[in-house]
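Everything below concerns the one structure shown next.
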Amino acid sequence: MRIRFFEYQLPVVLWLLSIFVFSTDLFSTKQTGRIIIPVLMFLFPTISYEQTDFWHLVVRKSGHVTEYAVLATLAYRCFKNEHLSLSDTRIRTIAFVLVAALLDEWHQLFTAFRGASIMDVGYDCLGAVWALGLIGVYETWRIRSHSIL
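The sequence shown begins at 5 in the numbering used here and counts up by one.
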């Protein structure tokens, strides 16, 4: 039982803690802009201020998609270990990610420089669906490649 926790559940818990840190003021738009905007200006010297704002937003929302794709992958792995049906595993994964995303936005209501956004929950769920799609493609490929041998 202990090995199952460390192998399947602990990674989910640790990633949830990471998401909690990402949703603090340390990763607010103002703070990430101090890094992302100078990098954009270095890479693209002729970029306008409006364009840096746009690409800063793209990077931030890509972060939402990515961090919740990772969460979905870890949660899927954990639920799959419970020997559920494929559809139950996917449904539980999406439900888990949705609850985590809603709690993340609720948490941001209590930070000074962050705010809650239902759009961010949408980006988070998009990351989960994207991850489950990639997992499905990978598992299909794996089954087909092994059945050929």
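Yeah, the Cβ is synthetic: ideal placement off N, Cα and C, and Gly gets one too.
Under the three-state reduction of DSSP output, L113 falls in the coil class, being neither helix nor strand.
Counting the other Cβ atoms within 10 Å of the Cβ of A99 gives fewer than 16, which makes it exposed. Between the alpha carbons of F58 and I7 lies a gap of roughly 45 Å.
Just so you know, the alpha carbons of P49 and F117 end up roughly 29 Å apart. The shortest C-alpha to C-alpha distance from E71 to any of L130, Y142, F10, G140 is the one to L130.
When DSSP states are grouped into helix, strand and coil, A120 belongs to the coil group.
Per the coordinates, the alpha-carbon of L107 lies some 19 Å from the alpha-carbon of R64.
Rounded to whole angstroms, the gap between the alpha carbons of H87 and R94 is 12 Å.
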